[in-house]
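Structure first, then comments.
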């Protein structure tokens, strides 16, 4: 016995530590009460008292219950068996047990040092026009998909899984953090259906689980991705939906412990909490981790502290916008905020770079013209502006795309588009090649020129 | 007689030895609204039911500290003062469930609100159950028809789906839920309407509406009023969900309506602030997302065949759906039906904002015919609404043929979507009303699909609509086009969006005041703005 429960609150317990015991932060305590096992992780130690957050509900617990320190800190399976399995946040399988012996690993141990970091790699084309054109992705890099509630982050993550994962068939890890259980189960069913389950390991700490679970899912999933990178020396794809929920769970824990928050209730340690996770998602000389992370924008507030903190770790970002979604254009990308470090003539080539510049200039002018037109009508525009107006609308429509993950809404089969076709089409639209084609012909198509 | 009392005494002794009925008691030392601090209470577990003085004052253990216990009151009949007796019951705080509650208005404790008596045949159930395991869920694919064309066609709801209804005061949110409940008659769905913080008068009205529609036989109303303590208001949706889960366990389909969760969030905020907890955005507690997410995650299609469909309602202010609580719930649910005050006042009822509403399950919960038709209708309508706002001033020779047709079709669709309350449409009827939008081949295809699924279908509406389309040839004369557009809409005296915007613009031309323009642009309230322009790209 290493202590007894002295205080109980919604998510945490306070422990009176036994004099002979030595406890550390992140040690796990176990209580057995009425045939049920309760687990806690220590988050704070003050003299002979320790605060610990509970893995599950604390309903029914009493003062005086004895707790014992577990042999290991939170650890998850670190073996080839992770592929094909679905885990909860604490490394327990949900679809059948693993075969003994199971090698496990501490989820907090790994850290990537500056020397082992590898930053050179090739471009990975996703087949999604708006991403490949405005924010190309590099193998081993981090792409963030930012958006408010219900603008299509999850659909886009699923589309990327479909396009990238199915195309490259490299082993992957999917971490579901604080998202819908329904979508989690659907993902599992789809993976089984398309015979891809044996190439992916899945960790779920979904929104019905408490804050402890949601915050630990990231560490557990990350450790599994590191297994594939470090031990199997593979190029791994890591999908996280949704990394914001990790910060949110940390805020809940921080509030529960009575710590002072920074703005909007975020924990004072937010920046280091995010870094602790993000700095591990990197490529080394052994293998690479290419990660796609959905980032929820709370209350549609793009300047939210946590969103800014997370996005400072990204190599590229796609920002989804409610005003675009509202017009029925999906993926609802706000091209002005969508960026990638690869947008550089030396990397993507002069032609692609120039086309991005020109497209953005057109679309910027279009936004201004839109407001003028509401008052004056199109006839009042100069000839040049009229051209910009019509071409921009075609361009905007062109960047909508039938997606595989959205077939059930659109009833249009998904399409992959080659980057060279995208460049040709965009060039055609901007240079007036398609001036006499109706704008609606560009909506929800793949390539226009190369049908 | 003697023997009887002896046996009673020995039973009592047995109980004491076994630890049953052995109450632990303490004294109240602090009263802060509905949060009470008690000392001297020894044996007590988290979320245990505690009585203050007698059975009329009930609370549960909210926090156990080293020297005291915090109790949240859920029911009070007398004022509580320092020094009062607190009795721990040794039992978890529970609620009661009875199948005889259908057709009644009950309180969160399982008492009939009308008679004040406990409902017969009830048994105790947990207030909150653990999360439904992810592997026990299956995909949502059976429709739950609302009978409202705009919803069933474009934003369909499936059994096991969570679909938010969101909008300002008096935009018809509750009505959509009631329409849906009324439309479940003879469809084997148990409905639970949860009234959170509605006035007693409003609730009585809702009840009488349901009785009138013959919906009360399969509907249970769980209610909590504003004059009850905030902790019970916070627990009521969970209690209703526990009741729903009792039916789910029997493999039944359940529909739960929460009206509304904004008031629920406010109750949670009240408790957190009075308990002196640190706050997050807008002074709501840090775990407000989790409060709603774990509640709504109980909505599911279970592998046992049963389902819980949830329609949470959220009230907004000034049409802003991007506030904290609204976006939280939007990010939990499987879609949202946004109601707009502007549409409501124009007479476009149900006042659905077609651009902002969405169903994440889409066609997965529709039959083949509705799937094809619904996605087409939605695309046409959105494309029309977007074009209408940009091309409203374009005169006809600048309009392409495609655009002219688009505008005419769009107007017609808007009109067809007008539907009075409690007048549900069957699926085959909807298909006949809207299939004019398809080309002949697809139309035949879906009519065939429709006949297979529903052999009885009337074709009268179908013929009418087709004729209308044929007549509507677009002429070359400008005023005439506008006339045409208005004609299509004349079935109501309300101006169409285009017409109305035209008027607005004309007025402004008179004033020749460009700065007013922003009033005309139909802008949704969105805090992310696209206006930031990149100076560099502008120059290039």
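Chains as they are written, first to last, in the working numbering: chain A, 1 to 451; chain B, 452 to 991. Even glycine gets a Cβ: it sits at the ideal position worked out from N, Cα and C.
Of the choices A/439, A/433, A/242, whose alpha-carbon is the least far from that of residue 851 of chain B? A/439
Please name the residues in the stretch 740-760 of chain B whose beta-carbon is closer than 7 Å to at least one beta-carbon of chain A, in chain order. 740, 741, 744, 745, 748, 751
Under 8 Å between the Cβ atoms of residue 535 of chain B and residue 792 of chain B? no
Which value, in whole angstroms, describes the spacing of the CA atoms of residue 229 of chain A and residue 419 of chain A? 29 Å
Are the Cβ atoms of residue 778 of chain B and residue 298 of chain A separated by less than 8 Å? yes
Quick check on residue 682 of chain B: buried or exposed, where buried means 16 or more other Cβ atoms within 10 Å of its Cβ? buried
Mind checking the stretch 377-388 of chain A against chain B and listing, in chain order, the residues whose C-beta falls within less than 8 Å of any C-beta there? 377, 378, 379
Under 7 Å, CB to CB, which of the residues in the stretch 303-333 of chain A have a partner in chain B? 321, 322, 323, 326, 327, 328
Report the neighbours of residue 265 of chain A on chain B: residues whose CB is nearer than 9 Å to its CB, in chain order. 729, 730, 731, 732, 735, 736, 737
Give every residue of the same chain whose Cβ lies closer than 6 Å to the Cβ of residue 822 of chain B, excluding the five residues on either side of it in the sequence, and list them in chain order. 814
If residue 394 of chain A and residue 442 of chain A are in contact, beta carbons under 8 Å, what's the gap, nearest whole angstrom? 5 Å
Does chain A have any CB closer than 8 Å to the CB of residue 775 of chain B? yes
Sequence-distant residues of its chain with Cβ nearer than 6 Å to residue 273 of chain A (five each side left out): 250
Check whether the Cβ atoms of residue 669 of chain B and residue 555 of chain B lie closer than 8 Å to each other. no
Excluding five sequence neighbours on each side, which residues of the same chain lie with their C-beta closer than 6 Å to the C-beta of residue 158 of chain A? 405
Buried or exposed, going by whether 16 or more other CB atoms sit within 10 Å of the CB of residue 965 of chain B? For residue 965 of chain B, the predicted model reports a pLDDT of 36, less than 50, meaning its position is unreliable; a value from the coordinates is still stated below. It is exposed - the Cβ of residue 965 of chain B has fewer than 16 other Cβ atoms within 10 Å.
Which whole-angstrom value is the C-beta distance of residue 610 of chain B and residue 784 of chain B, which I expect to be below 8 Å? About 15 Å separates the two Cβ atoms, so there is no contact after all.
Taking beta-carbon pairs under 7 Å, can you tell me which members of the stretch 475-490 of chain B lie near chain A? none
Kindly indicate if chain A contains any beta-carbon less than 8 Å away from that of residue 465 of chain B. no
When Cβ atoms are compared, which residues of the stretch 56-67 of chain A fall closer than 9 Å to chain B? 56, 57, 58, 59, 60, 61, 62, 63, 64
By DSSP's criteria, residue 478 of chain B is part of a beta bridge. Which residues make up the other side? B/490, B/536
Which residues in chain B have a C-beta closer than 8 Å to the C-beta of residue 186 of chain A? List them in chain order. 590
Amino acids of chain A, ordered along the chain, whose beta-carbon sits closer than 7 Å to that of residue 813 of chain B: 408, 409
Hey, quick one: how far does the beta strand (DSSP E) through residue 514 of chain B stretch, first residue to last? 505-515
Residues in the same chain with beta-carbon distance under 6 Å from residue 222 of chain A, minus the five sequence neighbours each way, listed in chain order, please. 280
Start-to-end residues for the beta strand (DSSP E) that takes in residue 317 of chain A: 316-319
Between residue 853 of chain B and chain A, is any beta-carbon pair separated by less than 8 Å? yes
If I follow the unbroken alpha helix (DSSP H) through residue 795 of chain B, where does it start and stop? 792-797
List in chain order: all unbroken alpha helix (DSSP H) runs of 4+ residues lying wholly within the stretch 190-251 of chain A. 211-226
Going by CA-CA distance only, name the one from A/428, A/80, A/174, A/196 that's closest to residue 351 of chain A. A/428
What are the start and end residues of the beta strand (DSSP E) that includes residue 378 of chain A? Element bounds for residue 378 of chain A: n/a, residue is neither H nor E.
State yes or no: is the C-beta of residue 453 of chain A within less than 8 Å of the C-beta of residue 366 of chain A? The requested residue 453 of chain A is not part of the displayed model; chain A covers only 1 to 451.
contact_flag[the stretch 599-610 of chain B, the stretch 560-579 of chain B] where n(CB pairs < 8 Å) is 3 or more: no
Residue 260 of chain A classed as buried or exposed, judged by whether at least 16 other C-beta atoms fall within 10 angstroms: exposed
Looking at C-alpha atoms only, which residue of A/9, A/296, A/187, A/139 is the closest neighbour of residue 121 of chain A? A/139
Work out the CA separation of residue 195 of chain A and residue 675 of chain B for me, nearest whole Å. 49 Å
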